[in-house]
Amino acid sequence: MQTSRVRGMCREIYDLARVTGRATHNPLEGLHKLLLTKPVENYAHAPLDELPALLRAIQSYPHATDVHIGLQLLAMLACRPSEIRETRWSEFDLDAGLWLIPAEWMKRRREHLVPLPRQAVALLHELHNITGTYPLLFPGRSDTTKPRSNTVLLMALRRLGYEGRQTGHGFRHLASTTLNENGFNSQHVEAQLPHVKASTTRAPIWSSAR
């Protein structure tokens, strides 16, 4: 993304230079064909048949209650680790079982509605007893106005023996693969993760939940 933005800015500069007579051609024309494409990053995740053992290990994580709750929420909701770390209590309606992520936190800059299963609601009530006096679900230890470190969930998985085998983001890949392979509507799956392109509307999918 950053490379394409820089290339676009440079192209506009040279186009202006041509129009104003400061250049005879744009040296960036065709440059994109020579640039290396960034490989798609695959986040490690355990196979489906190992998921029960992984979840049991997470539930017994002894070091911090909020961390093992965070990992369980990642597994249940298939959200991005940054979304769960940076979310605020004001985004949740636990009575209705809904989590509304504001547009400014989403990659597509569109609000995203997450329906919460009863197990997730129970975990959130448990977490509220710990961090409910703060705006953030996962406030930092030294500065409660900032979220927990972006490595805290990954380090917990490493402590559980899943280094290189499971990442926080990997739960999203596991959910996508499993749901699609088991015949769930792919549009619904990609919308809920969400992977829907900016040109595609998601509004009708969860409009009834509002």
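Numbering (my numbering), first residue to last: 55 to 264. Note that CB positions come from ideal geometry on N, CA and C, so glycine has one too.
For the pair Leu-208 and Ile-112, the CB atoms are not nearer than the 8 angstroms cut-off. Arg-142 is the residue among Arg-142, Val-175, Leu-228 whose C-alpha sits nearest the C-alpha of Tyr-188. Leu-102 is classed as exposed because its beta carbon has fewer than 16 other beta carbons within 10 Å across all chains shown. Nearest Cα to Arg-139 within the set Leu-233, Lys-200, Gly-75: Lys-200. The beta strand (DSSP E) runs of length 3 or more contained entirely in the region 133–168 are, from start to end of the chain, 152–155.
For a cut-off of 8 angstroms, the C-beta gap from Leu-211 to Ser-230 is around 19 angstroms, too long to register as a contact. In the structure shown, Leu-177 adopts helical secondary structure according to DSSP, grouped into three states. Annotated three-state conformation of Pro-106 is helix, per DSSP.
Around the beta carbon of Val-73, fewer than 16 other beta carbons lie within 10 angstroms, which makes this residue exposed. With fewer than 16 neighbouring CB atoms inside 10 Å of its own CB, Gln-173 falls in the exposed class.
DSSP places Ser-230 in the uninterrupted alpha helix (DSSP H) bounded by 224–235.
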